[in-house]
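If you're matching positions, the first sequence starts at 0 in numbering that gives the first Met the number 0 and goes up one per residue.
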Amino acid sequence: MATTTLHHFPSKTITSPTTITQFPENPKTLILQQCKTTKDLNQVHAHLIKTRLHLNPRFTENLLESAAILIPNTTMDYALSIFRNINEPDPSAYNVMIRAFTLKKSPQEALILYQKMHENSVQPDPFTFPCTLKACSRLRALREGEQIHAQIVKSGFGSKVNNTLIHMYANCGKIEFACKVFDGTSKSDVFAWNSMLSGYVRSECWGEVLKLFDEMRDMGVGFDEVTLISVLTSCGRLANIELGEWIHEYVETNGLKGSVNLVTSIVDMYAKCGYVDKARRLFEEMDRRDVVAWSAMISGYSQARKCKEVLDVFRDMQMAKVEPNEVTLVSVLSCCAVLGALETGKWVHFYVKKKRMELTVTLGTVLMDFYAKCGLMESAIEVFNKMPFKNVFSWTVLIQGLANNGQGKRALEFYALMREKSIEPNDVTFIGVLSACSHAGLVDEGREFFVSMSRDFGIDPRTEHYGCMVDILGRAGLIEEAYQFIKNMPIQPNAVIWRTLLASCRAHENVEIGEESLKNLVQLEPMHSGDYILVSNIYASVGRLEDAMKVMNQMREKGIKKTPGCSLIELDGEIYEFFAEDSVSPHSKEVYNAAEKMIKKIKSAGYMPNAADARLDAEGDDKEASVAHHSEKLAIALGLIKTRPGTTIRISKNLRVCSDCHNATKIISKVFSREIVVRDRNRFHHFKDGSCSCNDYW
DNA sequence: TTAGGGTTAG
């Protein structure tokens, strides 16, 4: 197995040029390799000039290599000054410079130099091509890559660089060209197979990877660690646990468990196939874990939406003194977004700033998403403005975030800006755009976007897009039209579509279509308690209490249990959880008293409890008590007594907000002069001065 | 020469 060669420099330093009296046979290894800094090199350089040895290209090139590559953490300035002083640089001098530019992440300069070499009629040698092709790979410079390919063919040094060519084409997104090169390659070389496999991985052709691996085994080509890593990546993406497990066994029986890279790939494979616990066990068995191994475990939990575990492992990682990098933080932030864990996410943002980490597209986008999902749109926009590069993901997160936070019009303004900047929207962008229309009540604009999506961008609407249209029509009270829209859908409507329609029936008290929606829902997802409750609420709101009870009984007969409402509030970094009529929480007495006082105060400001939201089996005063003890009222009451006046109260809850709580919270925001942000299962409600950002439709 | 971990929606 090939490993990267590391240059270990002896610690002996060169004190003065006078100590160098005679150059040995190989000055590069004995003297130049001892140079640790540019200052050391300067001394050797001066000596070379003094003794006129600098006219000997062999010495000068060795000096050049030290200046360009061997001295750690240095710029190319010194090397360039040496290079410019060479009268007629030969191919190896060019090679050193091209290699150094590619290594030092200036592939553009590498290609310019290659061009110069060509202009000066210096013939490339077999060592010129690999590093030049690497530069093309980095830049995804297909045209230049193809030119170099042609030159390679002409030069007759072809077969040696086939693997680098495969890599270059795959990196430039031309997997079919990579295949052609591979077809003309000797199939006995594991490197060629590995290059092709990693090419497929880069192009996300997961199935092809497995096919090629099969072929490899059929042909009896031996495989190595690198092969298995590519195959494991594909197993994870395809959820091919059988092959994944086979490789795991192979690794165990062949004593390959010492390889951090390989075991990390197995951990990742298990997590991506949905076996996070298995991934965790293997992760625990590793005797050395680097930042990638930790990140694989963290992202495994993050993708499985096991957010508590993400934060636990992240804490363990810090205890183990392994520094997180961008990838780690992206997974952590994405789980803070899911949890609405504002404090932890803010801490990560602070860490990013403290470590002066670059605000890349991915990191910036996930930070924006985190702030948006915590209801802090201004912070999300601040991050957006600071990002030097933005892609369609960043714009989509912004549009979606604004839409979910009740700023539909602003979301559409950003969509217009995005188009001005010629960023092509994708299918998810349109989910954001359509939900913005829905929140802003813009029916005609919504219809227009729905058409534009396929007409102007060739995006076929998916169920989610149809769902958005149903929401737009339903919210505007066009229930019959929404119903017809579903009937005419070219794809089968799913439960979410019918549920969206049902929610609009609840808001507009449409019994008939509500009943029809439930009929369909019962067939698609018979065990979903929320649907029965919505229909029961519709009956109750039009005074048909008996029918309301009947639906609830039907639900009970089927053995369906109500999902208990649960609200969370984070106070001083601690999370408090409330359930309706919760009497077990340690704060219950204090909280109930606070809730009582709160209700009294808002009643005198005009709040009327809405009995339609109470438990149907409750009577009279009990009905009132039942709604008064909904989990979000308890959480808000705790927030009111535990935070300073004027502080924003942030609640997240697992269900939709009920209309009584919605009404009560509006009045609370006015009476107590507090901004209250409630994140429910679908959207945000920003309550301020007696009104809500959702405009009373949710 | 080839290799492991990441972002939007549902």
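Note that beta-carbon positions come from the ideal geometry of N, C-alpha and C, so glycine has one too.
In the DSSP assignment, find the beta strand (DSSP E) that holds residue i and state where it starts and stops.
i           : result
residue 561 : Taken as a continuous stretch (DSSP letters only), residue 561 belongs to no beta strand (DSSP E), as it is neither H nor E.
residue 222 : It is not in any beta strand (DSSP E) - residue 222 carries neither H nor E in the DSSP assignment.
residue 678 : 675-678
residue 651 : 648-652
residue 490 : Per DSSP, residue 490 belongs to no beta strand (DSSP E) and is neither H nor E.
residue 574 : 573-578
residue 687 : 683-687
List the whole-angstrom C-beta distance separating residue i from residue j, where the pair is believed to meet the contact cut-off of C-beta under 8 angstroms.
i           : j           : result
residue 499 : residue 466 : 5 angstroms
residue 290 : residue 322 : 7 angstroms
residue 403 : residue 682 : 5 angstroms
residue 417 : residue 394 : 5 angstroms
residue 177 : residue 144 : At roughly 11 angstroms, the Cβ-Cβ gap does not stay under 8 angstroms, so residue 177 and residue 144 are not in contact.
residue 209 : residue 265 : 16 angstroms between Cβ atoms; not a contact.
residue 398 : residue 428 : 7 angstroms
residue 330 : residue 298 : 4 angstroms
residue 123 : residue 116 : 7 angstroms
Which stretch, first to last residue, makes up the alpha helix (DSSP H) that contains residue i?
i           : result
residue 514 : 510-523
residue 277 : 275-284
residue 701 : The first residue shown for the chain is 0 and the last is 697, placing residue 701 beyond what the model contains.
residue 322 : No alpha helix (DSSP H) holds residue 322; DSSP gives it neither H nor E.
residue 671 : First-last for residue 671: undefined, no H or E at that position.
residue 353 : 341-353
residue 70  : First-last for residue 70: undefined, no H or E at that position.
residue 695 : From DSSP, residue 695 is part of no alpha helix (DSSP H); its letter is neither H nor E.
residue 657 : Careful: residue 657 lies outside any alpha helix (DSSP H) and carries neither H nor E.
residue 548 : 544-556
residue 56  : 56-64
residue 472 : 462-474
residue 87  : Taken as a continuous stretch (DSSP letters only), residue 87 belongs to no alpha helix (DSSP H), as it is neither H nor E.
residue 594 : 587-602
residue 37  : 37-49
residue 445 : 442-456
residue 437 : 426-439
residue 533 : 528-540
residue 639 : 630-641
Excluding the 5 residues flanking residue i on each side, which residues of the same chain have their C-beta closer than 7 angstroms to its C-beta?
i           : result
residue 225 : 193
residue 488 : 465
residue 113 : 97 and 131
residue 170 : 136, 139 and 201
residue 164 : 132, 148 and 180
residue 218 : 186
residue 300 : 275, 308, 309 and 312
Can you name, in chain order, every residue of its own chain whose Cβ lies under 6 angstroms from the Cβ of residue i, other than the five neighbours on each side?
i           : result
residue 631 : 566, 650, 652 and 660
residue 636 : 590, 593, 594 and 597
residue 367 : 379, 382, 383 and 396
residue 68  : 99
residue 679 : 652, 655 and 656
residue 604 : 666 and 670
residue 436 : 444, 445 and 471
residue 434 : 402 and 467
residue 373 : 339 and 341
residue 561 : 528
residue 94  : 126 and 127
residue 634 : 566, 568, 577 and 650
Residues in its own chain within less than 8 angstroms of residue i by CB, not counting five upstream and five downstream?
i           : result
residue 21  : Unreliable placement is indicated for residue 21, whose pLDDT of 42 sits below 50; the coordinate value is still reported in the next sentence. Once the five neighbours on either side are set aside, residue 21 has no close Cβ partner at all.
residue 473 : 481, 499, 500, 502, 503, 504, 506 and 507
residue 40  : 31, 34, 62, 65, 66, 70 and 77
residue 111 : none
residue 27  : In this predicted model, residue 27 has a pLDDT of only 47, less than 50, meaning its place in the structure is not dependable enough to derive any value.
Just to check, is the beta-carbon of residue i closer than 7 angstroms to a non-hydrogen atom of the ligand ADP?
i           : result
residue 348 : Within the structure as shown, the ligand ADP is missing, as the structure has no ligands at all.
Legend entry - the segment 533-542 contacting the segment 589-604, beta-carbon criterion three pairs below 8 angstroms: As far as the Cβ criterion goes, the segment 533-542 does not touch the segment 589-604, which means the pair count is below three.
Inset, instruction - Could you name each continuous alpha helix (DSSP H) segment of 4 residues or more that falls completely within the segment 95-141, going from the start of the chain to the end? - result: Along the length of the segment 95-141, whole alpha helix (DSSP H) runs at least 4 residues long occupy 106-118 and 127-138, reported in chain order.
Inset, instruction - Please determine if the segment 684-697 and the segment 386-395 are in contact, where contact requires at least 3 C-beta pairs separated by less than 8 angstroms. - result: Verdict: no, contact absent.
Inset, instruction - Just list the alpha helix (DSSP H) runs in the segment 368-410, keeping only unbroken ones of 4 residues or longer that don't cross its boundaries, in chain order. - result: Segments of the alpha helix (DSSP H) lying fully in the segment 368-410: 376-385 and 391-403.
Legend entry - Complete alpha helix (DSSP H) runs within the segment 234-304 (minimum length 4 residues, chain order): Complete alpha helix (DSSP H) runs here, min 4: 240-252, 259-271, 275-284 and 290-302.
Inset, instruction - Answer yes if the segment 214-221 comes into contact with the segment 237-245, meaning at least three C-beta pairs across the two stretches below 8 angstroms, and no otherwise. - result: Judged by Cβ distances under 8 angstroms, the segment 237-245 makes no contact with the segment 214-221, as fewer than three pairs qualify.
Inset, instruction - Give a yes or no on contact between the segment 515-528 and the segment 540-549, applying the rule of three or more CB pairs nearer than 8 angstroms. - result: Contact fails between the segment 515-528 and the segment 540-549, because fewer than three Cβ pairs, one in each stretch, are under 8 angstroms apart.
Inset, instruction - Entirely within the segment 151-233 and at least 4 residues each: give me those alpha helix (DSSP H) ranges in chain order. - result: Within the segment 151-233, the complete alpha helix (DSSP H) runs of at least 4 residues are 161-170, 174-182, 189-201 and 205-217.
Inset, instruction - Inspect the CB distances between the segment 450-459 and the segment 474-486 and report whether three or more fall short of 8 angstroms. - result: The segment 450-459 vs the segment 474-486: no contact.
Inset, instruction - May I ask you to verify whether the segment 276-289 touches the segment 250-268, counting CB pairs closer than 8 angstroms and requiring at least 3? - result: Yes, the segment 276-289 is in contact with the segment 250-268.
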